[in-house]
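Data first, discussion second: the structure below is written as structure tokens.
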Amino acid sequence: SDNAFYGCSSLTSITIPEGVTSIESYTFYGCSRLTTITIPQGVTSIGQFAFKGCCSLTSITIPQGVTDIEWATFEDCSSLTSITIPNSVTKIGESGFGGCSSLTSITIPKSVTEISNDAFNSCSSLKNVVVSNKYCYDYFKESGISNIIVAVSNIEQYEECKNQGITDIIFNGSNASADGR
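This is the structure:
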């Protein structure tokens, strides 16, 4: 339920049992000593502010099936260095990862078609971004991040990116150009 572990500053790790499908809003808000959490496959919804202020959490894997990173879901998770976003996510909301100041790289799957303005606000260490569509490329370019790589899986995507002036393109996992040169 909402607020279930709100402010439990002595909680250091938790495994969410199989069968849980939703992590409600504010569930782990302010659990400042939480270092590890296992979210089972089957969770399809993670509410707003669910992990806000979990400043000792170093990595998290969002399960396949979650479609939205809500408003401030992972805000101020300042020790988060690694996050896996599945290709079921279509939206990253306002301050979804705001204040994740230790996050150095992130891969945004092709499924993401909406990123709110401040989704990565104050992610001061974010240097390497891999995206799979022009929309996400534009978002990160406007955010002032210079090392953005677009991953494409077919020649049409490659040519489209090239025609739009994007120079850092990975074609099927390789930096080589699509025509083999």
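When you number the sequence shown by the numbering used here, it's gap-free, plus one each residue, and the end is 202.
For every residue, glycine included, the Cβ atom is placed at its ideal position computed from N, Cα and C.
The alpha-carbon of I191 is positioned some 6 angstroms away from that of V173.
Listed as beta-bridge partners of A172 by DSSP are I191. For N149, the enclosing beta strand (DSSP E) stretches over residues 149 to 152.
According to the DSSP assignment, I129 belongs to the beta strand (DSSP E) that extends over 126 to 129. E177 carries a helical assignment under DSSP once its states are collapsed to helix, strand and coil.
Under the 10 Å beta carbon count, I176 is surrounded by fewer than 16 other beta carbons and is classified as exposed. Looking only at T111, C121, G119, the smallest Cα-Cα distance to Y156 is reached by T111. For C29, there is no enclosing alpha helix (DSSP H), since its DSSP letter is neither H nor E. Check the Cα spacing between I127 and each of I81, G40, D89: the tightest is with I81.
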